[in-house]
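First residue of the sequence shown: 434, per our numbering; consecutive thereafter.
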Amino acid sequence: LGALYLVFQPKAPRYSVDRLSVSQFQVDPTLTASARFDVTVTAANPNGRIGIFYERGSSLSVWYHTHRLAQGALPAFYQGRRNTTVLGVVMAGQAQLGSAVVAALRDEQQTGAVPLVFRADVPVRVELGSLKLWTVTSRVRCDLVVDSLLNASSQIKIKASNCKFSLKL
């Protein structure tokens, strides 16, 4: 195992949420939020000898505190060595919110600082040279602060973004 590490010198991929636009966000009288986001995600593979197969069965989601607002999935694709891939993903969903949550959201909208969490669980297979390894789950969590959710049909300004990556074996 140590020899493989020395030969391939693996580096963790880097992920970022670069763009987030809302095509729908509304809260109805029953406090059900309906959301639809267009998200641009960048995946960077800095490795010179390692390719990554992103497999089917991924789960992407956008959360407001403990409420999942929208979900989606990545397409299956291969990311070559020293490659940066930009992906557009549509995410949609509904969440039942309480009156206190709606009030907090309105307050955060007024201050222009709405906290969101983008989560991704993506099954991947690593390619070392011509050897394909077993499937593991790549987990990404991006803590975001956006200016608003109510700017329908417009791009949301991402004021802060911090993404972390881990593997689930």
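Ideal Cβ positions, reconstructed from N, Cα and C, are used throughout, including at glycine.
If you're wondering where the values come from, they're calculated on a predicted model, not measured in any experiment.
Leaving out five residues before and five after glycine 484 in sequence, what residues of the same chain have Cβ atoms less than 7 Å from its Cβ?
Tyr511, Gln512, Gly513, Arg514, Glu560
Should arginine 505 be labelled buried (16 or more other beta-carbon atoms within 10 Å of its own) or exposed?
A quick correction: the sequence has glycine, not arginine, at residue 505. Flag for glycine 505 reads buried.
Assign proline 462 to buried or exposed, taking buried as 16 or more other Cβ atoms, counted over all protein chains shown, within 10 Å of its Cβ.
exposed
Do the region 552-568 and the region 530-537 make contact, defined as three or more Cβ pairs closer than 8 Å?
no
Take every Cβ of the region 593-602, pair it with every Cβ of the region 516-526, and state whether three or more of those distances are shorter than 8 Å.
no
Classify leucine 602 as helix, strand or coil using the three-state DSSP reduction.
coil
Just reading off the beta strand (DSSP E) that aspartate 451 is part of, what are its end residues?
From DSSP, the beta strand (DSSP E) with aspartate 451 extends over 447-460.
Range covered by the alpha helix (DSSP H) that runs through arginine 539:
532-544
For leucine 549, I'd like the list of residues in its chain whose CB is within less than 7 Å of its CB, leaving aside the five on either flank, ordered along the chain.
Val495, Trp496, Tyr497, Leu577, Val579
Pop quiz: serine 449 and threonine 475 are said to be a contact at Cβ under 8 Å. What is the actual Cβ separation, rounded to whole angstroms?
5 Å
On the criterion of 16 or more Cβ atoms from any shown chain inside 10 Å, does valine 547 qualify as buried, or is it exposed?
buried
By Cβ distance, which residues of its chain are closer than 6 Å to arginine 574, with the 5 residues on each side in sequence left out?
Excluding sequence neighbours, arginine 574 sits near Arg552, Lys597.
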